[in-house]
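Q: Sharing a structure here in structure tokens format.
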Amino acid sequence: MKVINHSTIQSLGISPQDAYQWVEEMLVQKQHSILPPKISMRQNNHIFYNVMSCILPQEDCVGVKVITRHPEKIQGPSLTSQILLYKASTGDLLAILDGSYITAMRTGAVATHSVRLFANPNFNSVAIIGLGVTATATMDILSEMESAREMTIHLVRYKNQAECFSERYKGRQNLHFVIHDDAASAIRSSEVIISCVTFTDHNFAESDVYRQGCVVIPVHSMGFQNCDICFDKVFADDIDHIRNFKYFDQFKSVAEVASVVRGEAAGRDNSQQRILVYNIGLAIHDIYFANKILSQLPIATDMELDGPNEKMWLSGRTGDDICRR
6 MKVINHSTIQ
16 SLGISPQDAY
26 QWVEEMLVQK
36 QHSILPPKIS
46 MRQNNHIFYN
56 VMSCILPQED
66 CVGVKVITRH
76 PEKIQGPSLT
86 SQILLYKAST
96 GDLLAILDGS
106 YITAMRTGAV
116 ATHSVRLFAN
126 PNFNSVAIIG
136 LGVTATATMD
146 ILSEMESARE
156 MTIHLVRYKN
166 QAECFSERYK
176 GRQNLHFVIH
186 DDAASAIRSS
196 EVIISCVTFT
206 DHNFAESDVY
216 RQGCVVIPVH
226 SMGFQNCDIC
236 FDKVFADDID
246 HIRNFKYFDQ
256 FKSVAEVASV
266 VRGEAAGRDN
276 SQQRILVYNI
286 GLAIHDIYFA
296 NKILSQLPIA
306 TDMELDGPNE
316 KMWLSGRTGD
326 DICRR
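Each residue of the sequence shown is one higher than the one before, counting from 6 in my numbering.
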């Protein structure tokens, strides 16, 4: 069993193109996976523990991911995760991986994939709300996949994050940054709206602020509840993820992203449709990424969890000892 830490994973230099391709491959395979709904346990609105699991028969792997968010965490970011990866055909635990980098990369790739799948083909303006690690991963992948497209990126000011964010991409000649003092102003200016805010208790803007033809991609789902009842189409990475939403029964149209990828459902029908895409997070992406990363690692630390070696292990006596008594 291997223990794979954050720095080891990041040192592999997974390319934006690889991350994007892995996301699309698993959307195609989603119908063949075993993907139970995630379990979410909350202490309050700010603190949660989520458990996500899946079986990928075509990859011969099983995985469990645990995500925690706690703003009072003593060390490191408030949002962290770990992944357990098993071999499906034997049940062996293959690896324990830090999930931070995997989560950021797959989330950024998923958001970018939804932009390219549902935005109008000629889009050139993007609003990003919440400028942490997830937004950075999204911008890294989007800017790489759309390196030939001129884009104006509308950022919402928070402390000095917008200035630091735009500085990171100053070498990208096709990207032009505008900083807004409020979310509504950025939304009004944009055809694509991406929110990476982990928590908000209010809607970001009135529904009439959103332009015709826009696509909204809320990474953490909050802040767009008023859009649920007036947008033309709603898509989700998994219908069960959004079935308990307050206005689910009032969606004008709802389908899974994977169904669009496979050609089983229509995506955007015209340039005027306003589209909402709820990618809550699929374990199949995390586990697929983890499996790919494991296959690429030249070196990892071997570590035994010191589990029982005998079926009748209680009190330190072996099965043979017990049977002989």
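Think of the CB as a built atom: it goes at the ideal place given N, C-alpha and C, for glycine as much as any other residue.
(1) In chain order, what residues of the same chain lie with their CB nearer than 7 Å to the CB of GLN15, ignoring the 5 residues before and after it?
(2) Quick check on the DSSP output: the alpha helix (DSSP H) that includes VAL266 runs from which residue to which?
(3) Do you know how far the Cα of LEU299 is from the Cα of LEU17?
(4) If I measure Cβ to Cβ from PRO223 and keep anything under 6 Å in the same chain, skipping five residues before and after, which residues do I get?
(5) If you check the beta carbons only, do ILE289 and SER94 fall under 8 Å apart?
(6) What did DSSP end up calling LYS1 once you bin it into helix, strand or coil?
(7) Does DSSP put TYR283 in a helix, a strand or coil?
(8) Buried or exposed: LYS251, going by 16 or more other Cβ atoms within 10 Å of its Cβ?
(9) Straight-line CA distance for THR141 to TYR174?
(10) If you draw a straight line from the alpha carbon of LYS78 to that of ASP274, how long is it in whole angstroms?
(11) Among residues of its own chain, excluding the 5 on either side of GLY218, which ones have a beta-carbon nearer than 8 Å to its beta-carbon?
(12) In three-state terms, what does DSSP make of THR95?
(13) Find the nearest neighbour of MET110 within the set ALA260, HIS246, THR143, judged by alpha-carbon distance.
(14) For ARG111, which beta-bridge partners are listed by DSSP?
(15) Of the choices LEU287, HIS225, ARG248, whose alpha-carbon is the least far from that of ASN50?
(16) Rounded to whole angstroms, what is the Cα-Cα separation between TYR163 and ILE184?
(17) Specify, as a first and last residue, the run of the alpha helix (DSSP H) that PHE170 falls within.
(18) Run the CB neighbour count on ARG74, radius 10 Å, all protein chains shown included, and call it buried at 16 or more, exposed below.
(19) Would DSSP call SER86 helix, strand or coil?
(20) For ALA263, collect the residues of the same chain with a Cβ closer than 8 Å to its Cβ; drop the 5 residues on either side in sequence, then sort them by chain order.
(21) Quick check on the DSSP output: what are the complete beta strand (DSSP E) runs of length 3 or more inside the stretch 182-210, in order along the chain?
A: So, from the data block:
(1) TYR106
(2) 262-266
(3) 11 Å
(4) Here the set comprises SER200, PHE229.
(5) no
(6) Nothing can be reported for residue 1: it is not among the residues displayed for the chain, which extend from 6 to 330.
(7) strand
(8) exposed
(9) 10 Å
(10) 45 Å
(11) Contacts found: ASN125, GLU196, SER276, GLN277, GLN278, ARG279.
(12) coil
(13) THR143
(14) Answer by DSSP bridge pairing: none, since ARG111 is not bridged.
(15) HIS225
(16) C-alpha separation (whole angstroms): 10 Å.
(17) 166-173
(18) ARG74 comes out buried.
(19) strand
(20) LEU32, VAL33, LYS35, GLN36, ASP242
(21) 197-200
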